[in-house]
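Just below is one structure, and these are the notes that go with it.
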Amino acid sequence: MNGLKDAFMEGLLESCLGVLLDAYMNGLMDACMNGLLNSFLNGLFHVFMNGLLTVDGVLDALMDGPFHAFIDGQLDR
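Numbering (this note's numbering), first residue to last: 110 to 186.
See below:
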């Protein structure tokens with residue numbers, strides 16, 4: 110009877126530990142994925158907001174680049 114009880118208790122302990130370990134690993138994975146998703150979305154949001162704040166700067170840079178290249182090309186001729 111003791112052997113049966115010990116085997117039962119050992120099996121119960123292993124299954125409890127297995128469930129806890131699985132829950133812990135799933136929790137870590139979920140937290141990691143949520144963190145990655147949040148940081149990715151935050152990154153996109155900040156890029157978007159910074160882009161909104163500096164739209165004129167971006168447009169100026171886009172326009173100035175070809176303009177200066179054109180002027181430089183004319184001067185090199």
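Heads up, the beta-carbon is just placed ideally off N, CA and C, and yes, glycines get one too. The structure displayed is predicted, hence computed values, not measured ones.
When the Cα atoms are used, what is the spatial distance from residue i to residue j?
i, j, result
"Asp115", "Leu150", "51 Å"
"Cys141", "Tyr133", "12 Å"
"Leu145", "Met138", "10 Å"
"Leu113", "Cys125", "18 Å"
"Gly136", "Glu123", "19 Å"
Give me, in chain order, the residues of the same chain whose beta-carbon lies closer than 7 Å to that of residue i; leave out the 5 immediate sequence neighbours on both sides.
i, result
"Val128", "none"
"Phe154", "none"
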